[in-house]
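So the protein sequences, as listed, match chains A and B.
Here the first sequence stands for residues 14 to 90, where the numbers follow our numbering.
Here the second sequence stands for residues -10 to 193, where the numbers follow our numbering.
Beta carbons are placed, not taken as given, at the ideal position from N, Cα and C, and that holds for glycine.
Since the structure comes first, as structure tokens, the remarks are kept for the end.
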Amino acid sequence: MKEQPRYFVMLFKSVSYVLKAEKILQKEGLPHKLIPVPKHISADCGICLRFEPAIQSKIKAALLNKVEIEEIREMAN
Amino acid sequence: MSEVKIVNATGLVCPQPVVLAKQALESHEQVMVIVDNDTALENVKRLGTKLGCDVKVEKKNDGTYEINLARKAGAVGTKEEFVPSCDATPVQSGPFVIVISANTMGRGNDELGYVLIRAFLHTIAVQAEKPDIMIFYNTGVKLALKESEVLDDLKELASAGVEMLVCGTCLNYFEVKEKLGVGVVSNMYDIAGIMSRAGRLLAP
């Protein structure tokens, strides 16, 4: 059986924060993916950034003092 | 006042309630039809409206509905054809097709639209109900390029058996034919043909 990759999702206060964070991560070359906020986290029509747990500290460092992160959650598979 | 004809259509399945209601209206000015499901309710209401009746519905505590149909003076006769829709889901004859006509979803703001189309494609890729065919044209083809941020989602769909057609004219126009990352280069004959045959066409 193929093992499901583990992911974290990063939540922000607004869509514009997500876009700002995305631009920074793109510039830094940190892999991430914009996805709808998983239903088990919120029923709102929101978006968030998904990334692999291994690069969490790099992503946090890149966004430090630039974009406010609301929450980081593990995605349920 | 003429008497009210009562038609008890509880327990009957479509199209029986409509057939009985129609028969009753042919011989009576006022008919009360009792039904116990939403499909019958909607169909009998539509029948009444179509035949020019006053339609009044009363919901009962036991879950049934009393539909009062009263023919208006001078209303058209009951000879007209009326086809009740017995199935909630329409018959699907052709393939389920999703058309991606831009690298945005909706109109008004492209930055937001680009966010939405990526979220849309990701959701389509992970949900159970997948399309049979996806068609990409105009700036939509940019989403199917190697550098696309939704390439993984599209590849997942492709490996799940979704056929992907990418407009060749469009790839040529943007000079990105060499960068195509998923799907096959297609032409207007196939694109127009599939869209014409589609059982369901979804255009986000």
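Residue environment, residue i, which counts as buried when at least 16 other CB atoms sit within 10 Å
i: H53(A); result: exposed
i: P6(B); result: buried
i: V72(B); result: exposed
i: C61(A); result: buried
i: I183(B); result: buried
i: K49(B); result: exposed
i: L47(A); result: buried
i: T38(B); result: exposed
i: D51(B); result: exposed
i: I89(B); result: buried
i: A62(B); result: exposed
i: E35(A); result: buried
i: R11(A); result: Here chain A comprises residues numbered 14 to 90, so residue 11(A) is not present and cannot be evaluated.
i: A(-2)(B); result: buried
i: N32(B); result: buried
i: S137(B); result: buried
i: G95(B); result: exposed
i: A29(B); result: buried
i: I(-5)(B); result: exposed
i: G157(B); result: buried
i: G172(B); result: buried
Where residue i falls: helix, strand or coil (DSSP)
i: F21(A); result: strand
i: M88(A); result: coil
i: L134(B); result: strand
i: R96(B); result: coil
i: I54(A); result: coil
i: S29(A); result: helix
i: K48(B); result: strand
i: V174(B); result: strand
i: V2(B); result: coil
i: V72(B); result: coil
i: A91(B); result: coil
i: G202(B); result: As displayed, chain B neither begins before -10 nor continues past 193, which places residue 202(B) out of reach and without an answer.
i: G37(B); result: helix
Beta-bridge partners of residue i, as assigned by DSSP
i: Q236(B); result: Because chain B here runs from -10 to 193, residue 236(B) falls outside it and cannot be looked at.
i: L47(A); result: L62(A)
i: F85(B); result: R189(B)
i: C42(B); result: R60(B)
i: V8(B); result: Its beta-bridge partners do not exist; DSSP assigns none.
i: V24(B); result: Y54(B)
Residue i: CB within 7 Å of a non-hydrogen atom of the ligand ADP
i: S16(B); result: The ligand ADP is not among the ligands present in this structure, which contains no ligands whatsoever.
Point to revise | Ranges of the alpha helix (DSSP H) found wholly within the region 56 to 86 of chain A, counting only runs of at least 4 | key: 69 to 76
Practice item. Could you please tell me which residues of the region 80 to 102 of chain B, in chain order, have their CB closer than 9 Å to any CB of chain A? Key: Those residues of the region 80 to 102 of chain B that come within reach of chain A (Cβ to Cβ, closer than 9 Å) are E100, L101.
Point to revise | chain A contacts from the region 111 to 142 of chain B (Cβ-Cβ distance under 8 Å) | key: H111, T112, E138, D141
Review point. Which ranges would you report for the beta strand (DSSP E) in the region 96 to 171 of chain B if only whole runs of at least 3 residues count?
Key: With a minimum length of 3 residues, the continuous beta strand (DSSP E) runs that stay inside the region 96 to 171 of chain B are 122 to 125, 152 to 156.
Review point. Relative to chain B, which residues along the region 28 to 48 of chain A have a C-beta separation below 8 Å, given in chain order?
Key: V28, V31, L32, K46, L47, I48
Practice item. Give the residues from the region 166 to 186 of chain B that approach chain A closer than 7 Å (Cβ to any Cβ), ordered along the chain. Key: none
Review point. Relative to chain B, which residues along the region 56 to 70 of chain A have a C-beta separation below 8 Å, given in chain order?
Key: I60
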